[in-house]
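Per the numbering used here: the sequence shown = residues 140 to 369.
In this text, a Cβ means the ideal position worked out from N, Cα and C, and glycines have one as well.
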Amino acid sequence: MIHSSTSVNDAIHFEPLTELALQRFNVDLSKGDVSFDNVDPESIKDVTFIVDLIRFYSDPRKDQIDQFEQYSLDVILDYLQRTHQFYINTILPKMEMTIKNIFDLFPEHNIVPLLKHFFEQYQNDLLEHIELEERRLFPYAQKLMIEELPKDYSVHEFRLHHDHRIQDHLEDIILVIEEDIPMVNKTFAYRVFKNLLTQFKTDLHIHHMIEEKVFLNKLTKLESHVKAKL
């Protein structure tokens, strides 16, 4: 079992995908082993949240999502914002690089325009998704947390213009390559690409679950509370 005193390296040993979760919280593994108790408090609002997140990575079931209800809206918002920056600054550049490696192996193959189109479309969709939350939803949440109620926005308005079908495209591109282009899927470059997509799919799924089942539910309750007081 992982506790707050567990070393970061031990946590990663237990659950390999936890390194992906930790990257957004400025846990620097290059300096040797560290424990959660020794992590810079400025980089993590609540260590217990990180421990629960790591556990959730090992088994991200819907019936386990309620454990995050105990955390403040501020802690959940911090996780969502850090995740957005992690996607923009780390995941998307890595994805672009892995695709470039496949381009270099098969410069004349029709996989090149297919992957290029996939990445450009996927990147645009993801950035639009993030931009909507960063520009409208998160500032709205910050206002509600100080009991201000903006008149030009609501959780309902956000839900009307927001969906998570973007993650379905991750499955589509893998199926196309593995079913139709065997000469590509046997390469090391493709295996790196697939591994990144698989990890990203897990991360994105967890991000969406916490956003939908915890953050938006808590925000809706706060919205109702603030409206009742005004």
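For residue 211, the three-state DSSP class (helix, strand or coil): coil
Just to confirm, does residue 269 get its C-beta within under 7 Å of one of the non-hydrogen atoms of the ligand NAD? The model on display carries no ligand, and the ligand NAD is accordingly not part of it.
Any contact between the segment 209–225 and the segment 238–256? By contact I mean 3 or more CB pairs, one from each, below 8 Å. no
For residue 368, count neighbouring C-beta atoms within 10 Å of its own C-beta (all shown protein chains included) and say buried if the count is 16 or more, exposed if not. exposed
Check whether the segment 333–350 and the segment 187–205 touch, using three or more Cβ-Cβ pairs below 8 Å as the test. yes
Nearest-angstrom Cα separation, counted from residue 366 out to residue 371: The requested residue 371 does not occur in the structure, where the chain is confined to residues 140 to 369.
Can the beta-carbon of residue 297 be found less than 8 Å from the beta-carbon of residue 275? yes
Ordered along the chain, which non-local residues of its own chain (more than five positions away) have a Cβ less than 7 Å from that of residue 200? none
Close beta carbons around residue 331, own chain, < 8 Å, minus the five adjacent residues each side: 237, 240
Kindly say whether residue 269, judged by its beta-carbon, lies nearer than 8 Å to any beta-carbon of chain D. Any reference to chain D falls outside this structure, which holds one protein chain only.
Residue environment, residue 312, which counts as buried when at least 16 other CB atoms sit within 10 Å: buried
C-beta atoms of residue 283 and residue 355 nearer than 8 Å: no
When you compare the CB positions of residue 269 and residue 227, do they come within less than 8 Å of one another, or not? yes
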